[in-house]
Structure formats: structure tokens, C-alpha cells
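**Q** Quick one: structure below, then a few questions.
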Amino acid sequence: MRRQRFQNKVATGRFILPAALLISAICWTVIVTLLPGTGTEDPNWPLWFKEASNWLPQGIFPSLLGFVLYVLTTFFLINLNNIFAIIRIRTSIQSFLFLLLATAFPQLYDELPGLLVGLSFLTAFYQLFGSYRQERSSGALFNTFAFAGIASLFVPQSLLLVPLLWIGAASFQSLNLKSLLASIIGFILPWWILLSCTVLTGSTHTFFHQLFDETRLFRPVGYGFESWMVFPFGFLFLLFAASAFHYFFNGYEDKIRTRAYLYFLILFGACLFVGIGLQPYLLTAFCPLLLIIVSMLAGHLFALTSNKLSNSFFVISLIGISVMFVYHVWMLL
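For the sequence shown, this note's numbering begins at 1 and goes up steadily by one.
The following block contains the structure:
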């Protein structure tokens, strides 16, 4: 019987998720305790969210809430794989990688809008994947775009990602005139609710300020670039590119449905990298969503390969995550 490599032991291990949770909790506690206020308020937060956050407890509460959202996303990733079999074996390596990658970004510990965008799009993926070849897909696409609309309330630039969901629906053969209209209504619904709330509270200026002043989809190329972004962006792109490259050559082993899901994730991830590359200030806002996609694709790579090259790349990736954590802490000192 062939001896299992380290990556396969991790991928099929029963205790990797508790280990990742423990490591994350320890790192989170140390960073929040020793470096309070690590994640400063983003000036690009929507005005209504800034006003709402003033009612939340301050201190460590935003970071604690961020940790809870990350853990919730972790279990959503497991459930996504269990329902749609994106990885052919039962594994939690995608959640293991997500938690470690998230821990390596102390700047994101209390980046609540970005976390909520990631969670909203992950829920939208649930609905979108569930619409695969459905004859009556209006309900699923309504829910998909309603969650995309919610994401755009937290980060208005999420509007740029909405067309990708239509492309995904078309590739899943679930887009028709009726479902298209349902998706448009679903996307508008969260904005309509926000407008209704602002009318009732007499603060319609907040709504129109966000709609017309804050929703700047394009800024000058390179806007918001900082030197610390180069290493994490490059590392995540390397992990993404290796996973996508592997899948393009070995995707025939998966079912047609699974191939459609993974091709969509690759397209979505590639567009995110291009968008962040052109508009670096969006890195903190879209990084949680980027981590979700990279973790799913890298999990597929590491769970379904077993050779010296992939094992070495897995070990190097873990070392790279550790180095990235130390690098970010050093940058924050």
C-alpha cells in the first residue's frame, strides 16, 4: 500500500479544522491584545455603515465580530462542498486553508464590510449553484442577486461583480427571460429597503449620498496602492494560478456539473485579481471574497493530487502563509 504524503494526511485528517480554529483563535487574541486598533476604519466604508457602526460597542468588539464571521464562513465552505461535491472527497481542507489565510491578514480582523461582502457572495454562490439546469430557476436567481445586492450595500464596488453572476447563470443553463427579470428585482430589493428606511428616518440624504457620491466604480489605475500589498497579492495569485493551471489539465476527471462550478470560480477569481490589480484600494474590501475562492480552488488541488511536486508546493504554501503572517505583523509594528 502506497504511503500517504503529508498533503493527503492533512486533506483527509479529522482534526485539521479544530487545529486551524485553535491557531486562528490564538493569533487573533495575541494580535488584538498586543496591537489594538490593527484594522483602522476604512474611509471607503459606506456612510450608512459608518453611522450604524457608531452604535456598536468599540474596543475589541469589531475584531471579535470579525472572528465570528470568519468562523461562520468556514463552516459555510464545508457545507458548500458537501452539497455540491466541488471536491470529490469529504474534506475540510478548503476551510483549513481559508482560516489560515484569513489569520495571516491582521489588517482584515475588523474589516466588517469586506467580511460581509464575502459572506453575502458565498451565500449567493449557494443559490446560483443550486439553479444548475433548473427549468424554474427564478426563485434561485432572485435569491442569488438579492445577496449580491446586499453585498453592494456594504461595498458599492461589488456592482462590478454582478455581471459575473449572470455569466454563471447562463453557463449553468438557468438563465431565461423570467429568471433574468427575477434577478433584477432581487438585486434592487436591498437598495429599495435601504431607501425605505432612510425615508422613514428622514435621512434620505444618506441614501443619495451613497448612491451618487460613494458609488465610484472606477478610480485612477493604481489608486490606493501600498507597498505591503505586493507580497500578499502575489502569494494569493500564485496559489490561484497553480490551482487553476492544475484544473485546466485535470478537470476531465470531475463531473460536468462540477466542472461548470469550478470554471465559474476560476473566472470569478481571475476577474477579482484583475480588478484589485487595477484598483489596489479594493484589496481590503474584496480580500475575504478572494480568500474564499482561492481556498476552494487550492483545496481542490491539494485534496485530489498525490505526487512529490504537489506535496512540496503544499508545504511551501504553509510556510508562505506563516511568513505572510509575520510580515504583516512586522508591517503593523
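Just so you know, even glycine gets a beta-carbon here, dropped at the ideal spot from N, CA and C.
#1: Rounded C-beta distance between ALA169 and SER158? I'm assuming under 8 Å.
#2: Whose C-beta lies closer than 7 Å to the C-beta of GLY222 among residues of the same chain, with five residues either side of it excluded?
#3: For SER137, count the other beta carbons within 10 Å of its own beta carbon; 16 or more makes it buried, fewer makes it exposed. Which is it?
#4: Between the Cα of PHE142 and those of LEU115, ILE184, TYR109, spot the shortest distance and give me the residue it belongs to.
#5: Going by beta carbon distance, what residues of the same chain come within less than 7 Å of MET324, once the five residues before and after it are set aside?
#6: From the DSSP output, in three-state form, read off ALA146 for me.
#7: Using the beta-carbon count (16 or more within 10 Å), is TYR132 buried or exposed?
#8: Could you pull out every residue in the same chain whose Cβ sits closer than 6 Å to the Cβ of VAL315, ignoring the five residues on either side in sequence?
#9: Whether or not the stretch 289-301 and the stretch 92-110 are in contact is what I'm after, with contact meaning three or more pairs of Cβ atoms, one per stretch, closer than 8 Å; do they touch?
#10: Hey, would you say VAL162 sits closer than 8 Å to ALA148, going by beta carbons?
#11: Would DSSP call PRO280 helix, strand or coil?
#12: Within the same chain, show all residues whose beta-carbon is closer than 8 Å to that of LEU115, passing over the 5 residues directly before and after it, in chain order.
#13: Below 8 Å between beta carbons: does that hold for ALA260 and PHE125?
#14: What would DSSP say about ASN176, mapped onto helix, strand or coil?
#15: Taking 6 Å as the limit between beta carbons, can you name the residues of its chain near LEU99, skipping five residues before and five after?
#16: What three-state label does DSSP hand GLN104 in the structure shown?
#17: How would you write the range of the alpha helix (DSSP H) that ALA25 sits in, first residue to last?
#18: In this structure, how does DSSP classify ASN307 when only helix, strand and coil are distinguished?
#19: Helix, strand or coil for LEU119, going by three-state DSSP, please let me know.
#20: Determine, using beta carbons only, whether LEU291 and ALA140 come nearer to each other than 8 Å.
#21: Would you report the Cα separation of PHE313 and TRP330, rounded to the nearest angstrom?
#22: To the nearest angstrom, how far is the alpha carbon of SER317 from that of LEU128?
#23: Does DSSP classify GLY224 as helix, strand or coil?
#24: Is it buried or exposed for LEU22, if we count other Cβ within 10 angstroms and need 16 for buried?
#25: Output the distance between the C-alpha atoms of LEU267 and LEU181, rounded to the nearest integer angstrom.
#26: Just to confirm the assignment, what range does the alpha helix (DSSP H) spanning LEU161 have?
#27: In the DSSP assignment, the alpha helix (DSSP H) including ALA244 goes from what residue to what residue?
#28: According to the Cβ coordinates, are ALA85 and THR305 closer than 8 Å?
#29: Measuring straight from C-alpha to C-alpha, what distance separates TYR247 and LEU189?
#30: Could you tell me the distance, in whole angstroms, from the CA atom of LEU160 to the CA atom of HIS328?
#31: If you count every other CB in all the chains shown that lies within 10 Å of the CB of TRP28, and 16 or more means buried, which is it?
#32: CA-CA distance, MET1 and LEU309?
**A** According to the structure data:
#1: Actually they do not touch by this definition, with Cβ atoms about 17 Å apart.
#2: Closer than 7 Å at the Cβ level, and outside the excluded window around GLY222, lie PRO280.
#3: A residue is called buried once 16 or more other Cβ atoms fall within 10 Å of its Cβ, and SER137 is buried on that count.
#4: If we check each option's Cα against that of PHE142, ILE184 comes out closest.
#5: Around MET324: ALA104, PHE231, PRO232, PHE235.
#6: DSSP places ALA146 in helix when its eight states are reduced to three.
#7: With 16 or more other Cβ atoms within 10 Å, it is buried.
#8: So the list is empty, once near-sequence residues are dropped.
#9: Flag = yes, the stretch 92-110 and the stretch 289-301 touch.
#10: Result yes, Cβ atoms of VAL162 and ALA148 sit closer than 8 Å.
#11: Residue state, collapsed to three classes: helix.
#12: Same-chain partners within the cutoff: GLY66, LEU69, TYR70, THR73, LEU108, PRO288.
#13: Contact flag unset, no.
#14: Here ASN176 sits in coil by DSSP.
#15: These residues qualify, in order along the chain: ALA20, SER24, THR74.
#16: Reading off the sequence shown, one finds Ala at residue 104, where the question assumed Gln. In the structure shown, ALA104 adopts coil according to DSSP, grouped into three states.
#17: 16-34 is the extent of the alpha helix (DSSP H) around ALA25.
#18: Looking at ASN307 - three-state DSSP - the assignment turns out to be coil, as it is neither helix nor strand.
#19: Three-state result, LEU119: helix.
#20: No, the Cβ-Cβ distance between LEU291 and ALA140 is not below 8 Å.
#21: Whole-angstrom Cα-Cα distance: 25 Å.
#22: Rounded to the nearest angstrom, the two C-alpha atoms are 30 Å apart.
#23: Judged by DSSP in its simplified three-state form, GLY224 adopts coil rather than helix or strand.
#24: By the 10 Å Cβ count, LEU22 comes out exposed.
#25: Distance between the alpha carbons of LEU267 and LEU181 is about 24 Å.
#26: Per DSSP, LEU161 belongs to no alpha helix (DSSP H) and is neither H nor E.
#27: Element bounds for ALA244: 230-250.
#28: For ALA85 and THR305, no; Cβs fall outside 8 Å.
#29: For TYR247 and LEU189, the distance between alpha carbons rounds to 37 Å.
#30: Those two C-alpha atoms are separated by around 28 Å.
#31: The residue in question, TRP28, is buried, as its Cβ has 16 or more Cβ neighbours within 10 Å.
#32: Note that MET1 scores 38 on pLDDT, short of 50, meaning its location in the model is unreliable and no value can be drawn from it.
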